[in-house]
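For the sequence shown, this note's numbering assigns the number 1 to the initial residue and increments by one for each residue that follows. Here a beta-carbon is modelled for each residue, glycine too, at the ideal position from N, C-alpha and C. Shown next, in structure tokens, is the structure this report addresses.
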Amino acid sequence: MQAYREMTQLYAAADIGSNTAHLLVAASDGEIVMRVDNVNEWIGLGEVVARRGEIPKDVADQLVLSVFEFKRVSEAKRVRKLYVFATEAMRAAPNHEEVIRRIQKETGVRVEIISPEREAELSFLGVQLDTRHYGAELLFEVGGGSAQIAELNDGEMGDKCSLKIGTGKVLAESNLTNPGTELALKVAQQYIRTQMSKCSVGRKAETAVVSGGVGRGLWRALHPDGEKVIAQFELDYLFKSVKVLPTDRVSSRFSVKQKRAGTLLVGSLIYLELMRHFGVENLVISEFGVREGAVLEMAR
């Protein structure tokens, strides 16, 4: 009975990421997470900041409205705690302090800008919920602004690095679009490889666990049956298919939303380069990540 009462405690975690602003309301006892509600808005902050050098007013307006909605939903659900945090796109924006102050003034909610290391730690907590038995030795999390890479050692996280190879960042650096031109693809590939050469993680591994919306988008396109393991040849097939199609055709052929369809080409390219660089043959897709990790941390 005591365990049941603890499990009924609700927590809310929201991350302002480089592609989406996303709220999770969940029940947790510190060991498992049961999702109760999700609110998700595509903002594309990573690409906006990479192209425009800051967060413009219209995007700041969107962020204020999103956080206000997160607060409304959290209060309606009577959560024990709401934790809102922001990642690479907000970190990279020179005017992030101004935007954070505006959000707090207009919504009453404080947004914490977390470090790449903390982002990786929360992701690691989340992916343990459904991938701990796959024997993965690396963690990849690709967002809109950056990618987090970490070694996994018997249930513990080891060396890690953060690279500016999020989907929005790569798109802004290469002007890659659907269909992809050979020149833009080469520029994107070279940019990714240059950034990866800066990574301090030296581990080679057969299997890597993947967290984050970009990886889950690839997974839904390739595995509507829910199979969690993606082989390299499958990702290569997806890349070769989407690079010759406009976004609307990608959306209809692979049954993904239009916004997510626009990330399949660059997302598959980034993950293919990661797999080749680290010798990875299989990706294990986790259905959990930073938000679930934050809920577990609050519950504990």
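inquiry  = Suppose you measure from the CA of S66 to the CA of E98; what does that come to, to the nearest Å?
reply    = 17 Å
key: V280 and L138 closer than 8 Å at C-beta   = yes
ask   = With distances taken from CA atoms, which of H22, A92, V49 is nearest D37?
value = H22
request  = Answer yes if the region 221-238 comes into contact with the region 9-26, meaning at least three C-beta pairs across the two stretches below 8 Å, and no otherwise.
outcome  = no
ask   = Going by other Cβ atoms of all chains shown within 10 Å of its Cβ, with 16 needed for buried, is Q258 buried or exposed?
value = exposed
Whole-angstrom distance between W42 and V284, CA atom to CA atom = 25 Å
Sequence-distant residues of its chain with Cβ nearer than 7 Å to V290 (five each side left out) = D15, E119, L122, S123, G126
task = Below 8 Å on the Cβ atoms is my guess for I55 versus A93; work out the distance and round it to an integer in Å.
result = 5 Å
ask   = Among I113, T107, L82, G108, which one has its Cα closest to the Cα of R91?
value = I113
inquiry  = So the candidates are R216, F288, A299; which of them puts its Cα closest to the Cα of R260?
reply    = R216
request  = Mind checking which residues open and close the beta strand (DSSP E) that includes F85?
outcome  = 81-86
ask   = Does the Cβ-Cβ distance between V59 and R102 come in under 8 Å?
value = no
ask   = According to DSSP, is H96 helix, strand or coil?
value = helix
message = Taking the straight line between their C-alpha atoms, what separation do you get for R72 and V84?
response = 13 Å
Nearest candidate by alpha-carbon position, reference G108, set E69, F140, D130 = E69
inquiry  = Taking its Cβ as the centre, do 16 or more other Cβ atoms sit within 10 Å of V244, making it buried, or is it exposed?
reply    = exposed
inquiry  = Quick test of the definition: if touching needs 3 or more C-beta pairs under 8 Å, does the region 176-187 touch the region 264-271?
reply    = yes
query = Thinking just about the alpha-carbon of each residue, which of Y191, R276, N175 is nearest to the one in A184?
reply = N175
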